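Residue numbers (the working numbering), protein chains in the order written: chain Z, 1 to 484; chain R, 485 to 703; chain P, 704 to 1017.
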Amino acid sequence: MLVALLALPVACGLVCGGAPWRRGLGWLGTAAASGVLVTAAVLAVDVVRTGPVTGLGGFLRADALSAFMVVVIGVIAVLATWQGVRYLDAEVAAGRSSRRHASLYLVLVQAFLATMLLAVLAANLGVLWVAVEATTVVTTFLVGHRRTRSSLEASWKYIVICSVGIALAFLGTVLVYLATLHVGGHGPHPLDWTSLVAQSHRLDPGVMRLAFALVVLGYGTKVGLVPMHSWLPDAHSQAPAPVSALMSGVLLTVAFYGILRFKVIADGALGPAFPRTLLVVVGLLSLLVAASLLLTQRDYKRMLAYHSVEHMGLIALGAAAGSPLAIAAVLLHVLGHGLAKGVLFLASGEILLTEGTSEIERVPALLSRRPVLGGIFGFGLVALLGLPPFSLFVSELNMLRAEFQVGLGWAAAASLVCMVVIFAAVMSHGRHLLLGPRGTQGPLTTPALVAVPLVGGLVGCAFIGVSAWPLQPLLHAAAHVVAP
Amino acid sequence: MSASTYASALGLEAAAVLLCAVVTLWRRSLGAIVRALAIQGLALACVAMVIGLHQRDPGLVVVGLLVLAAKAAVVPMLITRVVRGDPGSRETQPLVNVPASLVAAGALTFLAFAATRSVTALVPTTAGRLIPLGLACMLVGFFALVTRRKAVSQIVGILLVDNGVALVAFLATAGVPLLVELGASLDVLLAVIVLRVLATHLRSRLGPFDLDQLTELHD
Amino acid sequence: MVGAGISSAVQVAVVAVGGPVLLGVMRKVRCRLEGRVGAPVLQPLVDIRKLFRKERLRPDQATWIFALAPVVLVSTVAVAAAVTPLVTTHPAFGAGSDLFVLVYLLLVGSTILALAGMDAGTAFGGMGSSRAVTIGALAEPALLVSILALSATAHSSNLAAIVRATLAGPGSVATPQRLFALGSLLIVIVAESGRLPVDNPATHLELTMVHEAMVLEYAGPDLAVVTVGEAMRLTLLLGIFVNLVAPWGVATTTHAADIAVGVASLAAKVALLGVALSVFEVSTAKVRLFRIPELLAGAFVLALLGVVSGLVVK
Chain Z
1 MLVALLALPV
11 ACGLVCGGAP
21 WRRGLGWLGT
31 AAASGVLVTA
41 AVLAVDVVRT
51 GPVTGLGGFL
61 RADALSAFMV
71 VVIGVIAVLA
81 TWQGVRYLDA
91 EVAAGRSSRR
101 HASLYLVLVQ
111 AFLATMLLAV
121 LAANLGVLWV
131 AVEATTVVTT
141 FLVGHRRTRS
151 SLEASWKYIV
161 ICSVGIALAF
171 LGTVLVYLAT
181 LHVGGHGPHP
191 LDWTSLVAQS
201 HRLDPGVMRL
211 AFALVVLGYG
221 TKVGLVPMHS
231 WLPDAHSQAP
241 APVSALMSGV
251 LLTVAFYGIL
261 RFKVIADGAL
271 GPAFPRTLLV
281 VVGLLSLLVA
291 ASLLLTQRDY
301 KRMLAYHSVE
311 HMGLIALGAA
321 AGSPLAIAAV
331 LLHVLGHGLA
341 KGVLFLASGE
351 ILLTEGTSEI
361 ERVPALLSRR
371 PVLGGIFGFG
381 LVALLGLPPF
391 SLFVSELNML
401 RAEFQVGLGW
411 AAAASLVCMV
421 VIFAAVMSHG
431 RHLLLGPRGT
441 QGPLTTPALV
451 AVPLVGGLVG
461 CAFIGVSAWP
471 LQPLLHAAAH
481 VVAP
Chain R
485 MSASTYASAL
495 GLEAAAVLLC
505 AVVTLWRRSL
515 GAIVRALAIQ
525 GLALACVAMV
535 IGLHQRDPGL
545 VVVGLLVLAA
555 KAAVVPMLIT
565 RVVRGDPGSR
575 ETQPLVNVPA
585 SLVAAGALTF
595 LAFAATRSVT
605 ALVPTTAGRL
615 IPLGLACMLV
625 GFFALVTRRK
635 AVSQIVGILL
645 VDNGVALVAF
655 LATAGVPLLV
665 ELGASLDVLL
675 AVIVLRVLAT
685 HLRSRLGPFD
695 LDQLTELHD
Chain P
704 MVGAGISSAV
714 QVAVVAVGGP
724 VLLGVMRKVR
734 CRLEGRVGAP
744 VLQPLVDIRK
754 LFRKERLRPD
764 QATWIFALAP
774 VVLVSTVAVA
784 AAVTPLVTTH
794 PAFGAGSDLF
804 VLVYLLLVGS
814 TILALAGMDA
824 GTAFGGMGSS
834 RAVTIGALAE
844 PALLVSILAL
854 SATAHSSNLA
864 AIVRATLAGP
874 GSVATPQRLF
884 ALGSLLIVIV
894 AESGRLPVDN
904 PATHLELTMV
914 HEAMVLEYAG
924 PDLAVVTVGE
934 AMRLTLLLGI
944 FVNLVAPWGV
954 ATTTHAADIA
964 VGVASLAAKV
974 ALLGVALSVF
984 EVSTAKVRLF
994 RIPELLAGAF
1004 VLALLGVVSG
1014 LVVK
């Protein structure tokens, strides 16, 4: 089953690679993503019922945490590939990209999905690293897909900074390998995660401290944590909207998944204090930077990108708390953030397509000019700011509760202050974007094909916020993987 | 091979890696910097091969040959192609001037020694004692990346970071599992290819470019 | 049995006489490589004798510094030559052949010459003095750290002890520590003695001069003494370098035969190094003045790397 999960996007990519762009190929991509989602759901049920599943001779492994991440990837992939069809249609119609180039986009997106799936299903820390590295390479081309000057600059910055981050993460992995060798782990898979966790209390603390710090810095680059976050606003604002949705919604959290895996080992070797301090520092810094820079944003896509930095900071703080409640809240937040941010980026892509500019100043009064799109964008902002009934409210509340329980009350209070500032900033930007007089034109309609998935995403987010019913056992099991 | 020959050969090669890193901060001409990078790749390959010969591990020797091909031949060739298209091939004024960069490199070397004390305590062999040199090379590469303006210099910074990490990997563990090592080398190659493609795109769109000119995206 | 005092005197004599000869050799090699015949090897000695017979001219506004500087220069270099292990590892006042003593003796000479350059009251003199002092100030840290790196193996900063330790343990010739330190030392020696690529000793354009500008106003016997002092300084620095790199041939006992062998080996090694330097000078251009700090910073970092490698490779 795990192999099937990986095979779906790979096969679709191969098919798309052969032919120039046609609508049908785009829908094939969406079908592959839906297949991934369905398989993910089956896998999740299986894992919750019978425990971790392995595949490919121990090469792949899915425990509850991996299964949850696969579900997240599946959901957002469906949304993004759906919108991708419209994006590519518009690009080819406007002559900004050839058919070959459009089908290259499809292949790259499928490759992106495949590498992300490999990263969360890897049993071995080395394979995890290779997969994350592969995502970097693939997304560089996706970010620069539009071939404009600023998107090329963004993809340059992206690959330069992320290559350094990946190298740091590699060094961290090497140091962990060194520590295991020292305690005699010479087996065929010395970097296997389960055996590392089993031996974690025997690993040398000095080396593990250095290794964990390097991993947080290295994978944290891909998560977008300060101080290695400067690629994020550029890359996410210049990439095509579906790619931004995928990157912001999923890739950041896949990289954070890597940090979580390392955190389990570090907790065993060092005790919870050091990893907690490190993650708190990094999380708070991200919140501060995001809060201060959000106040002066003029571009709505950049605003959304900085918002991602804030949410990643929140997730880091939640992970720092480390109790099962905290981790469950973090994972719920991952799903909710992915949905809401994905919907917002896709909506902003639609706005960009029809308005032609991404500056907030020049796109006023969306609610009166384009009611459906404006409504989606507005509700998306509401969701992202953590208001009920959307799931981010629940997850943020629980994260704060867990932080207070663990003794990180001061950090929680600081994060609350930052969140208030961000609330104010986003509200003011959103007010300008959404409200205002209509002007002379009548209201424009948004095609149903575009609106349906976005509305569906928002509804899903609200549903999870009200009752986490289908996901509860999965969340429980996943939380206990990280915080036993 | 005898213990003292092994120790001195390894010491020389590891020191050569760090020396080449310092030379990239020292010299201004991009051609000289790329040559230093090629020599660094050669030294790195020699480290792998020497360790492989000493421990009679043929896999490591093969990895050393691969590294030689990739880092000492292919990568410098790719970069020279990028440089050749750029007529102004001297470094423009870097953000931090050369003497200050060199002193910073010295400080970073000491920092590397301080940071890896626990690692060298864990691996008290001849190879293990040279690990701080690898970390120092990585820090110097990071510094070069942050303080240089030309696109090629930033690529050079990334390569220095990669070479430093690879040196630590070779010394610390006598090579990580082959799969990961292949992944790492592939990573370098891919990164450089991607960067070269990007550079070509950028040049075709903007003409000979200085990264200083790429400042549209900022806050 | 030859006393330590005699061997020191021999050292001073060798340096004093050999200095101008070394200059002649280097000039000859350079001329040959440039396709010219060049002056005879002993020409500098002849020039010095000629200068002693000329009239002593001093600027009117020069003070006693101007008159004293050449003498102080020669005497400090002579004292340094006496106490450093050039021909023998047991010179007189051997305990005083500390690297700090050496460095500061040379510094006294450079300082007094710089003062004399300003004392003449000309613009070129001041310019040369300021340039020379800048280069000296930048070269000094590199010099100190590189000899520190070399001294780490001998656990002492006494030059004689370092040379003795290197003679005793020949296995440690090609360690990274020594290679870094010696590379740095070579750059510093080139800077301190005013050779290319830092300073062109054969230039006639005053604006490009660093060292020559300081001594522009000297004439007659003063100039002769200054030239001797400079030649002795170069020989001393090169001699220290070859004895730190390859000390074989240095006398370890005080037999007369050993001293003779020591003199011969010193002469041969210094001549070889001088020729190599000349070949290098022919093929290189002068570094621009504001790039010299980069060069010397590089030398400093090389020396630092040498110290660092010494910590690592035990």
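The beta carbon of each residue, even a glycine, is placed where N, CA and C say it ideally should be. Since we're looking at a predicted model, the values are computed, not measured.
Among the CB atoms of chain R, none fall inside 8 angstroms of the CB of Z:Ile422. Inter-residue distance for R:Arg568 and P:Pro773 is about 53 angstroms (C-alpha atoms, whole angstroms). Taking a beta-carbon distance threshold of 8 angstroms, R:Pro583 counts as an interface residue toward chain P. For Z:Gly55, there is no enclosing alpha helix (DSSP H); the residue is part of the beta strand (DSSP E) that begins and ends at Val53 to Gly55. Straight across, the Cα-Cα distance linking Z:Val127 with Z:Leu270 is about 24 angstroms. By DSSP's assignment, P:Asn861 forms a beta bridge with P:Asp801.
Excluding the 5 residues flanking it on each side, R:Ala628 has same chain C-beta neighbours closer than 7 angstroms at Thr508, Leu509, Ser637, Val640, Gly641 and Leu644, in chain order. Counting along the chain, Z:Arg61 sits inside no alpha helix (DSSP H); it lies in the beta strand (DSSP E) bounded by residues Leu60 to Ala62. If you draw a straight line from the Cα of Z:Leu260 to the Cα of Z:Val176, it is about 15 angstroms long. In the three-state reduction of the DSSP assignment, Z:Ala122 falls in the strand class.
Residues of chain Z with a Cβ closer than 7 angstroms to the Cβ of R:Phe626 are, in chain order, Val164. Annotation for Z:Lys341: the continuous alpha helix (DSSP H) segment containing it runs Pro324 to Glu355.
Residue-level contact by beta carbon fails for R:Phe654 and chain P, as no gap is shorter than 8 angstroms.
Secondary structure of P:Asp750 (DSSP, three-state): helix. Around the beta carbon of R:Asn581, fewer than 16 other beta carbons sit within 10 angstroms, so the residue counts as exposed. Secondary structure note for P:Tyr921: it is in no alpha helix (DSSP H), with a DSSP letter that is neither H nor E.
Taken through DSSP and simplified to helix, strand or coil, P:Asp902 comes out as coil. Contact between Z:Leu474 and Z:Ala44 holds, since their C-beta atoms are separated by about 5 angstroms, short of 8 angstroms.
Per DSSP, P:Phe796 is not a residue of any alpha helix (DSSP H), being assigned neither H nor E.
If you check the CB distance, P:Gly824 and P:Met912 do not come in under 8 angstroms. In this structure the region 47-67 of chain Z does not lie against the region 311-321 of chain Z, because fewer than three pairs of beta carbons, one per stretch, are closer than 8 angstroms. Identification of residues in the region 535-554 of chain R having a C-beta nearer than 8 angstroms to some C-beta of chain P yields an empty set. Of all residues in the region 128-161 of chain Z, only Trp129, Val130, Glu133, Val137, Thr140, Phe141, Gly144, Arg147, Arg149, Ser150, Leu152, Glu153, Ala154, Ser155, Trp156, Lys157, Ile159 and Val160 place a beta-carbon less than 8 angstroms from a beta-carbon of chain R. When beta bridges are read from the DSSP output, P:Glu737 appears opposite no residue. Under the Cβ criterion of 8 angstroms, R:Thr600 is not counted among the residues facing chain P. An exposed status is given to Z:Arg298, since fewer than 16 other beta-carbon atoms sit within 10 Å of its beta-carbon. Residue contact check for R:Leu586 against chain P: a CB pair falls below 8 angstroms.
Under the Cβ criterion of 8 angstroms, P:Ser1012 is counted among the residues facing chain R. Secondary structure at P:Ser896: coil, using DSSP grouped into helix, strand and coil. Looking at Z:Arg61, Z:Ser467, Z:Ala424 and Z:Ala402, the one whose alpha-carbon comes closest to that of Z:Ser292 is Z:Ala424.
Within chain P, the C-beta atoms nearer than 9 angstroms to that of R:Thr593 come from Val1004, Leu1007, Leu1008 and Val1011, in chain order.
Among the bridge pairs identified by DSSP, Z:Asp299 is matched with Z:Glu359. For P:Ala949, the three-state secondary structure derived from DSSP is coil.
Within the region 94-105 of chain Z, not one residue has a Cβ closer than 8 angstroms to any Cβ of chain R. Residue environment for Z:Ser248: buried (at least 16 other C-beta atoms within 10 angstroms of its C-beta). Ranked by Cα distance from P:Ile962, the options P:Phe827, P:Leu789, P:Leu760 and P:Leu748 are led by P:Leu789.
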